[in-house]
Amino acid sequence: MGKLEGKKLLLLGERDGVAGPAMEEVLRDSGAEIVFSATECFV
Amino acid sequence: MDLENQQRVKDAAEKYGPENVVVVLGSSDAEGAEIYAETVTKGDPTFAGPLAGVPLGLAVYHIFEEEIRQEADPAKWEEQIAMMEMVLDPDALAQAVKRMREEGSKYTL
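So the protein sequences, as listed, match chains A and B. All you need for the numbering used here is the position in the first sequence, starting with 1, plus 105. All you need for the numbering used here is the position in the second sequence, starting with 1, plus 874.
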């Protein structure tokens, strides 16, 4: 069982770093539920 | 962190229980990562948003930290994240979030 199994993930991405959808993709099969994913940008 | 996302974090912690929630950051600079990590552990340092004075103490990690990386799909990591890992400074980002987690998180993985 992975460390994230059963956890609720809040993904706070950044446009100039790693964006929310990219984090969703890599963690989708981690056993955790992705509650929300956002991508902020600083302009 | 923008006010809408602070509210979403607060709502999720209330709904699911703070011990069950893990925040993963994708910040590009260490200073920003530290502020985000502080916001979800000790509360909003700018005292502007819903998490001002609300020390949730959530488990918080940067996507580049080993604990998260080892749970990620390796093929998708190559496809989605490996390039940003070369451009950014993963060690500095991981250290910044780890430091704040050690100071402010009540929960860890």
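A virtual CB, placed ideally from N, CA and C, is assigned to each residue, including glycine. Owing to the predicted nature of the structure, the values given are computational and were not obtained by experimental measurement.
If we count the other Cβ atoms within 10 Å of its Cβ and call it buried at 16 or more, is residue 974 (chain B) buried or exposed?
Within the second sequence, residue 974 (chain B) is the residue found at index 100, counting from 1. So residue 974 (chain B) ends up on the buried side.
First and last residue of the uninterrupted beta strand (DSSP E) at residue 897 (chain B):
Start at 1 with the first residue of the second sequence, and residue 897 (chain B) comes out as number 23. 895 to 899 is the extent of the beta strand (DSSP E) around residue 897 (chain B).
Is the CB of residue 877 (chain B) under 9 Å away from at least one CB in chain A?
Translated into positions along the second sequence, residue 877 (chain B) becomes position 3. With 9 Å as the cut-off, residue 877 (chain B) does not count as an interface residue toward chain A.
Is the shortest distance between the beta-carbon of residue 925 (chain B) and the beta-carbons of chain A less than 9 Å?
One-based indexing of the second sequence puts residue 925 (chain B) at position 51. By this cut-off, residue 925 (chain B) is not an interface position.
Using the C-alpha atoms, what's the distance from residue 971 (chain B) back to residue 940 (chain B)?
Sequence index remark: in the second sequence, residue 940 (chain B) carries index 66 (1-based). Sequence index remark: in the second sequence, residue 971 (chain B) carries index 97 (1-based). Near 12 Å, if we compare the C-alpha coordinates of residue 971 (chain B) and residue 940 (chain B).
Shorter than 9 Å from the beta carbon of residue 881 (chain B) to some beta carbon of chain A?
Counted from its first residue, the second sequence places residue 881 (chain B) at position 7. No - not a single Cβ of chain A is within 9 Å of the one on residue 881 (chain B).
Beta bridge counterpart(s) of residue 145 (chain A) as assigned by DSSP:
The count along the first sequence starts at 1 and reaches residue 145 (chain A) at position 40. Residue 145 (chain A) is bridged by DSSP to A:119.
How would you call residue 920 (chain B), buried or exposed, if buried means at least 16 neighbouring beta carbons within 10 angstroms?
For the purposes of this step, residue 920 (chain B) is taken as the residue at position 46 of the second sequence. It counts as exposed.
Residue 116 (chain A) to residue 927 (chain B), Cα distance in whole Å?
Taking the first residue of the first sequence as 1, we reach residue 116 (chain A) at position 11. Taking the first residue of the second sequence as 1, we reach residue 927 (chain B) at position 53. In a straight line, the C-alpha of residue 116 (chain A) is about 22 Å away from that of residue 927 (chain B).
Quick one: what's got a C-beta closer than 8 Å to residue 125 (chain A)'s C-beta in the same chain, skipping five residues either side?
Your numbering for residue 125 (chain A) matches position 20 in the first sequence. 116, 117, 118, 142, 143 and 144.
With three or more C-beta pairs closer than 8 Å as the rule, is the segment 128 to 142 of chain A touching the segment 956 to 971 of chain B?
no
Return yes when the Cβ of residue 896 (chain B) is within less than 9 Å of the Cβ of residue 949 (chain B), no when it is not.
Numbered from its first residue, the second sequence carries residue 949 (chain B) at position 75. Numbered from its first residue, the second sequence carries residue 896 (chain B) at position 22. No, Cβ-Cβ distance for residue 949 (chain B) and residue 896 (chain B) is not below 9 Å.
Pull up the distance between the alpha-carbon of residue 112 (chain A) and that of residue 137 (chain A), whole angstroms please.
Taking the first residue of the first sequence as position 1, residue 112 (chain A) is located at position 7. Taking the first residue of the first sequence as position 1, residue 137 (chain A) is located at position 32. Cα to Cα, residue 112 (chain A) sits roughly 5 Å from residue 137 (chain A).
Can you tell me which of B:912, B:938 and B:890 puts its alpha carbon nearest to the alpha carbon of residue 976 (chain B)?
Reading the second sequence from its first residue, position 102 is the one you call residue 976 (chain B). Among B:912, B:938 and B:890, the Cα nearest to that of residue 976 (chain B) is on B:912.
Range of the contiguous beta strand (DSSP E) that encloses residue 934 (chain B):
Position 60 of the second sequence holds residue 934 (chain B). Its beta strand (DSSP E) spans residues 933 to 936.
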